[in-house]
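Written below as structure tokens is the structure these notes are about.
Protein chains: 2
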Amino acid sequence: MQPPYPQRLARIRALLRASKMDACLTLHRPNILYLCGFSGSSGALLIEPRGARLFTDSRYTIQAADEVHGATVGIVQGSLLAAAGDRLRRTGARLRRVGYEDSRLTVQQLKQLRKASGARVHWLPVHSPIERLRAVKDGGEIVLMKEAAELGSRVFEHVLPLIKPGIREFELAAEIEYRMRRMGASGPAFETIVAFGERSALPHARPSGRRLRKNELVVLDLGVILRHYCCDLTRTVYVGRAPGRIRGWYQAVLEAQSAARHALRAGVTASQVDEAARSVLRKHRLDRFFTHSTGHGLGLEVHEEPRLAAGQKQKLQTFNVVTLEPGVYVEGVGGIRIEDDAVVTPGEAQILTTAQRGFLEL
Amino acid sequence: MQPPYPQRLARIRALLRASKMDACLTLHRPNILYLCGFSGSSGALLIEPRGARLFTDSRYTIQAADEVHGATVGIVQGSLLAAAGDRLRRTGARLRRVGYEDSRLTVQQLKQLRKASGARVHWLPVHSPIERLRAVKDGGEIVLMKEAAELGSRVFEHVLPLIKPGIREFELAAEIEYRMRRMGASGPAFETIVAFGERSALPHARPSGRRLRKNELVVLDLGVILRHYCCDLTRTVYVGRAPGRIRGWYQAVLEAQSAARHALRAGVTASQVDEAARSVLRKHRLDRFFTHSTGHGLGLEVHEEPRLAAGQKQKLQTFNVVTLEPGVYVEGVGGIRIEDDAVVTPGEAQILTTAQRGFLEL
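Chains R and B, in that order, give the protein sequences.
All residue numbers for the first sequence refer to this note's numbering, where the first residue is 2 and numbers rise by one.
All residue numbers for the second sequence refer to this note's numbering, where the first residue is 2 and numbers rise by one.
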């Protein structure tokens, strides 16, 4: 089933009209993919009041003809920005107020566009309107994200037998990414995190040559990309029989995640979900070890809107997809993080990831 | 042996003084890594007349203390740009003319900087001064790049036995990336290209589910990252006994690459090297099938300066490291590309990659 590209473009056009803009340009790959289906690495999409125009280069002639819907394809020799600017210049008075994504475009790119379009075009910054649309998934996207989350969960369960004393962090990471690919993912959504023992206290540890020993924590944080959509899954296991303190931390993090899951629904603010997780850890006197936010949006990119963090006042909407990933990190000892992907609904959140969440002692 | 960070910073300071600038800010990871050794994902480096200051966040406290040389580390809560701007505001009249990388900074980031630094600081665009320094490698970098190139070459030879009818493109890509990691690479330098049969005519093919059949071309384009440095290697092999036409194309591409290698030396222009390869293919009436440029710089990033392309008038310098990768691509039939990495010297270029270049029929 084809994604509803024309409807997505129509929604952006409505937003442009509401801001008294005639057109909008995006260079951001996930935005282009979302609006017209093109997945090439080089593209500029100009959304006009009637129609849209994708500029790309001759490497993508065949691919663009195959993938693009709802936009005319222009194959460009030379700069895509010059071609887009030139198109605007030639439309004369019709397209005067044109939006650009100020958090994506470099200063140099804007300068190139201004030069190519001429002074009659007014370039106006827009603040992520396409990302805001993307934050609310449609039914087809939810189906794809469910498949990605299930694949990521199967990968986790597949590598459990490899978690044995002696394996190195980077070896386990290599095994995980290898299995993702063999199981059909286009690749990892981010560099897989594998952290053993005291290194699990680093939330963003990069796999090192450190070997696993008995009686250690293991944090695995992995994501697959499947048909362009990401999943993001973390599990923490213990190799050996865990001391009571570690079990206690695990149960507290699990309880925090459960509280976040129950708080998560359409209409609550993002900060309320963060606070739900944080208050559980506070009760266990572990909140000072929870050094990051509770979660983030997920979709074509692994970090999207909304952010589930303190101070985030925006209300969650039905069909936001977010991670729920509280953790505790005790320097010199270790860390525990449990992360699942969830769909916001008017009622109970739907969890997409299926890997078991109970404490595992291997 | 530690890279000469203080010397690198001193060279940037000299460039700044020559342009009448007091300081310069970079957010670009490879630039930061090059100048002070920090490899984290989030950093802002302010190069001042005496000293330099790296702003990062609390996730990197330990790592920054370990990695950074020649710069003071500031751990920031909140925006790194606000912290850098605030530092400039507080220096008063001392740092007034500050460079920013206009091809890296977004419009929004520049706006944030301006706001944080106040109107007394003049932000001036600089055009990749750090990238220009990086284009000329030092001895330590050449050693690392040689190791990366040898590792990439070993990976290629390691996977040759897997190239058998029935394997899918993405399976072979997964095997290649898995072996990279197992053999010590931190990861692939780019998404590995595996293209069978008629798909080899797409220079930027992404691995698909296509199975290899007998009597087909196979293009493998792979890169490893080893201790932050990239290699980039392409080989084309034939599964079965190749028809004369294919052998002829292969020999022509090999001859073109050899011509480029012999043309490559300090003092010639980048376009001359491109033309050396192109003219051989012209002689064989294959130049219209050579649809991209002959090569690109390589180092901390897989695409750097200089570009070996028509119209590139800059002169090559001793210790530029570039790829040499002519190819022919015949739609519906297949493509051949041969790519090696080479160090520019005053005399004969030194080839870093060691994988055999002769025509292989498997």
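Ideal Cβ placement from N, Cα and C applies to all residues, glycine included.
Asked	Found
Residue nearest to glutamine 3 of chain B in terms of C-alpha spacing, selected from B/Ala310, B/Gly141, B/Val77 and B/Ala66	B/Gly141
Chain R contact residues for proline 204 of chain B, given Cβ-Cβ distances below 7 Å	Arg60
Between the CA atoms of tyrosine 330 of chain R and arginine 211 of chain B - distance to the nearest angstrom	45 Å
Boundaries (first-last residue) of the alpha helix (DSSP H) holding glutamate 132 of chain B	130-135
Residue environment, lysine 165 of chain B, which counts as buried when at least 16 other CB atoms sit within 10 Å	exposed
Counted within 10 angstroms of its Cβ, other Cβ atoms place isoleucine 63 of chain R as buried (16 or more) or exposed	exposed
Length at least 4, wholly inside the segment 266-306 of chain B: the alpha helix (DSSP H) runs in chain order	271-284
Residues near leucine 203 of chain B by beta carbon distance below 8 Å, same chain, minus five either side	Ala196, Tyr330 and Gly336
Within-7 Å CB hit, valine 77 of chain B to chain R	no
Selection from B/Ala278, B/Glu256, B/Thr292 and B/Lys284 that minimises the alpha carbon distance to glycine 359 of chain B	B/Glu256
Residues in the segment 108-133 of chain B having any Cβ partner in chain R nearer than 7 Å	Val108, Gln109, Leu111 and Pro126
Delimiting residues of the alpha helix (DSSP H) encompassing histidine 263 of chain R	245-264
Alanine 174 of chain R: contacting residues in chain B (beta-carbon distance under 8 Å)	Arg182
Cβ neighbour criterion (16 or more within 10 Å) applied to arginine 135 of chain B	buried
Cross-strand partners of asparagine 321 of chain B (DSSP beta bridge)	B/Val137
Backbone secondary structure at glycine 86 of chain B - three-state DSSP	helix
Alpha carbon of arginine 214 of chain R to alpha carbon of leucine 221 of chain R, nearest angstrom	16 Å
Isoleucine 339 of chain R to histidine 159 of chain B span [Cα, whole Å]	37 Å
Pairwise C-alpha distance: proline 31 of chain R and aspartate 103 of chain R	16 Å
Collapsed DSSP secondary structure at phenylalanine 171 of chain B in the structure displayed	helix
Same chain, Cβ closer than 6 Å to histidine 29 of chain B, neighbours up to 5 away in sequence not counted	Arg105
Proximity of proline 307 of chain R and glutamine 315 of chain R at Cβ, strictly below 7 Å	yes
Within chain B, the residues that serine 104 of chain R reaches when beta carbons sit closer than 7 Å	Thr107 and Gln109
Spatial neighbours of glutamine 109 of chain R in its chain, beta-carbon cut-off 6 Å, leaving aside the 5 residues before and after	none
Within chain B, partners of glutamate 349 of chain R - CB distance below 8 Å	The contacting residues do not exist; glutamate 349 of chain R stays about 33 Å from chain B at best.
Glutamate 178 of chain B - DSSP class collapsed to helix/strand/coil	helix
Integer Cβ distance of lysine 116 of chain B from glycine 86 of chain B, believed to fall under 8 Å	7 Å
Reduced DSSP secondary structure (H/G/I, E/B, other) of lysine 314 of chain R	coil
Test: tyrosine 330 of chain B CB closer than 7 Å to a CB of chain R	no
Closest by C-alpha distance to isoleucine 76 of chain B, when choosing among B/Arg9, B/Leu46, B/Glu305 and B/Tyr251	B/Leu46
Top-ranked residue by Cα proximity to leucine 96 of chain R, from R/Gly79, R/Val122, R/Ala72 and R/Gly71	R/Val122
C-beta neighbour in chain B for tyrosine 1 of chain R, strict 7 Å	Chain R is shown only over 2 to 363; residue 1 of chain R falls outside these bounds and no answer can be derived.
Partner residues on chain R for phenylalanine 171 of chain B, Cβ-Cβ distance less than 7 Å	Arg182
Test: tyrosine 179 of chain R CB closer than 7 Å to a CB of chain B	yes
Proximal chain B residues relative to glycine 188 of chain R, where beta-carbon distance stays under 8 Å	Glu192
Burial state of aspartate 67 of chain B, where buried means 16 or more other Cβ atoms lie within 10 Å	exposed
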